[in-house]
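Numbering (the numbering used here), first residue to last: 145 to 199.
Quick notes on the structure that follows.
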């Protein structure tokens with residue numbers, strides 16, 4: 145949580161949001177017929193590439 149806070153994310157009550165706003169969420173559908181299809185995201189301007197979702 146300290147690392148998350150240090151990147152500018154603040155808790156909303158007892159919860160941390162995955163993104164600061166809905167505009168920060170991007171859905172990508174990728175793939176193709178080739179063996180080596182890949183999606184390599186840009187990490188510019190972000191601090192974390194993924195977040196573990198608690199159940």
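Cβ coordinates follow ideal geometry from the N, Cα and C atoms, glycine included.
Between residue 172 and residue 183, the C-beta spacing is below 8 Å.
A distance below 8 Å separates the beta carbons of residue 164 and residue 153. Judged by DSSP in its simplified three-state form, residue 156 adopts strand. Looking at the backbone, the Cα of residue 146 and that of residue 158 are separated by about 14 Å.
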